[in-house]
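Input: a single structure, listed below in structure tokens.
Residue numbers (the numbering used here): -6 to 149.
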């Protein structure tokens, strides 16, 4: 079974090729900032417009070869701003277009990192802090501690 990160890189390469408008948030974004922690899923904040969702579907299909991907539509994302897709090999992807009244795609600031020649857009520390500051899971509290430390070091 391929690692989540290998599938993630494959998906990011497809996103770059198809020009999908997205920002990685969650555990992988935390890892990309240098905090090593296990994560079982890929959290993607995507721009909710028809053209972008079609590009998203094409990239997901190219990566996972699963027709269920075409059930992720703009119409569904308007009803459910977070849709979870689980591939046949158990890669879990959360496709997010909005988080309550606090965040939509235009609110997400990001950094870019190149890994193995693949450009990855991931939430910057300030955005990750705002996304996690009102969460109570233990893993999120550990993430917040790391983010605060990095933000303090960057301020000095």
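Think of the CB as a built atom: it goes at the ideal place given N, C-alpha and C, for glycine as much as any other residue.
Subject >> Whole-number beta carbon distance between residue 88 and residue 16, since they are thought to touch under 8 Å >> reply: Taking the first residue of the chain shown as position 1, residue 16 is located at position 23. Taking the first residue of the chain shown as position 1, residue 88 is located at position 95. Actually they do not touch by this definition, with Cβ atoms about 12 Å apart.
Original post:
From residue 107 to residue 113, what does the alpha carbon distance come to, in whole angstroms?
Top reply: What you label residue 107 is simply residue 114 of the chain shown in a count that begins at 1. What you label residue 113 is simply residue 120 of the chain shown in a count that begins at 1. Answer to the nearest angstrom: the Cα atoms are 6 Å apart.
Original post:
Would you report the Cα separation of residue -6 and residue 63, rounded to the nearest angstrom?
Top reply: For this step, residue -6 is matched to residue 1 along the chain shown. For this step, residue 63 is matched to residue 70 along the chain shown. With a pLDDT of only 36 at residue -6, under the threshold of 50, the placement of this residue in the model should not be trusted, and no figure is reported.
Subject >> Of the listed residues 45, 117 and 127, nearest to residue 27 (C-alpha basis) >> reply: As a position in the chain shown, residue 27 is number 34, starting the count at 1. Minimum Cα distance to residue 27 is reached at 117.
Original post:
Quick one: what's got a C-beta closer than 7 Å to residue 51's C-beta in the same chain, skipping five residues either side?
Top reply: In the chain shown, counting from the first residue as 1, residue 51 sits at position 58. Answer for residue 51: 11, listed in chain order.
**OP:** Closer than 6 Å by C-beta to residue 137: which residues in its own chain qualify, once you throw out the five before and the five after it? Chain order, please.
**Re:** As a working mapping, residue 137 is identified with position 144 in the chain shown. Same-chain partners within the cutoff: 125.
**OP:** From the DSSP output, in three-state form, read off residue 28 for me.
**Re:** Sequence index remark: in the chain shown, residue 28 carries index 35 (1-based). It is coil, neither helix nor strand.
**OP:** Could you tell me the boundaries of the beta strand (DSSP E) in which residue 85 lies?
**Re:** As a first step, residue 85 is located in the chain shown; it is residue number 92 there, counting from the start. Per DSSP, residue 85 belongs to the beta strand (DSSP E) from 85 to 89.
Original post:
If you draw a straight line from the alpha carbon of residue 71 to that of residue 94, how long is it in whole angstroms?
Top reply: Counting from 1 along the chain shown, the entry for residue 71 is found at position 78. Counting from 1 along the chain shown, the entry for residue 94 is found at position 101. Approximately 13 Å between the Cα atoms of the pair.
**OP:** Measure the C-alpha to C-alpha separation of residue 97 and residue 90 and round it to an integer number of angstroms.
**Re:** For this step, residue 97 is matched to residue 104 along the chain shown. For this step, residue 90 is matched to residue 97 along the chain shown. Approximately 6 Å, taken between the alpha carbons.
Original post:
Looking only at DSSP bridge pairs, what is residue 113 linked to?
Top reply: Position 120 of the chain shown holds residue 113. 106, per the DSSP bridge assignment.
**OP:** For the alpha helix (DSSP H) holding residue 46, just list the boundary residues, first then last.
**Re:** As a position in the chain shown, residue 46 is number 53, starting the count at 1. Here the alpha helix (DSSP H) through residue 46 covers 43 to 57.
**OP:** Confirm, please, whether the CB-CB distance from residue 37 to residue 79 is below 8 Å.
**Re:** Along the chain shown, read from residue 1 onward, the residue named residue 79 stands at position 86. Along the chain shown, read from residue 1 onward, the residue named residue 37 stands at position 44. Going by C-beta atoms, residue 79 is not nearer than 8 Å to residue 37.
**OP:** Using the Cα positions of residue 59 and residue 123, report the straight-line distance between them to the nearest angstrom.
**Re:** For this step, residue 59 is matched to residue 66 along the chain shown. For this step, residue 123 is matched to residue 130 along the chain shown. C-alpha separation (whole angstroms): 34 Å.
Subject >> residue 35, DSSP secondary structure in three states >> reply: Here residue 35 refers to the residue found at position 42 when the chain shown is read from its first residue. The answer is strand: DSSP assigns residue 35 an E or B state.
Original post:
Nearest-angstrom Cα distance between residue 140 and residue 20?
Top reply: On the chain shown, position 147 is the one that residue 140 refers to. On the chain shown, position 27 is the one that residue 20 refers to. Roughly 12 Å between the two C-alpha positions.
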